[in-house]
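Let me begin by presenting the structure, written as structure tokens, before commenting on it.
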Amino acid sequence: MTPQQIHRIDQRLKEWRARHADAASLRAAYRAKVLEFTLNSMALENEQVDRERVQAWRTRPSR
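The sequence shown begins at 1 in the numbering used here and counts up one residue at a time.
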């Protein structure tokens, strides 16, 4: 990697850490990414999927 690339990556990491300074915002960002990854994975496997269906699974009370 070039020094410019390293600097850019370091800058992006610092910005991300500033946006997610507390545990609540970090958890929210993680949940959003997990939802996105799940939707992409299900679409790749040709599953009928929509965002509302996956969110309903995620927010269902545990047994």
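Using N, Cα and C, we set each Cβ at its ideal position, and we do this for glycine too.
Cutoff 7 Å; reference residue i; Cβ partners in own chain excluding five residues on either side
i: Val-54; result: Leu-35, Thr-38 and Leu-39
i: Ala-43; result: Val-49
Backbone secondary structure at residue i - three-state DSSP
i: Glu-45; result: coil
i: Ala-21; result: coil
i: Thr-2; result: coil
i: Asp-10; result: helix
Own chain partners of residue i with C-beta closer than 6 Å, once the 5 adjacent residues on each side are dropped
i: His-20; result: Leu-26 and Ala-29
Residues of its chain near residue i, where Cβ-Cβ distance is below 8 Å and the 5 sequence neighbours each way are ignored
i: Arg-151; result: The displayed coordinates of the chain run from 1 to 63. Any statement about residue 151 would go beyond what the structure contains.
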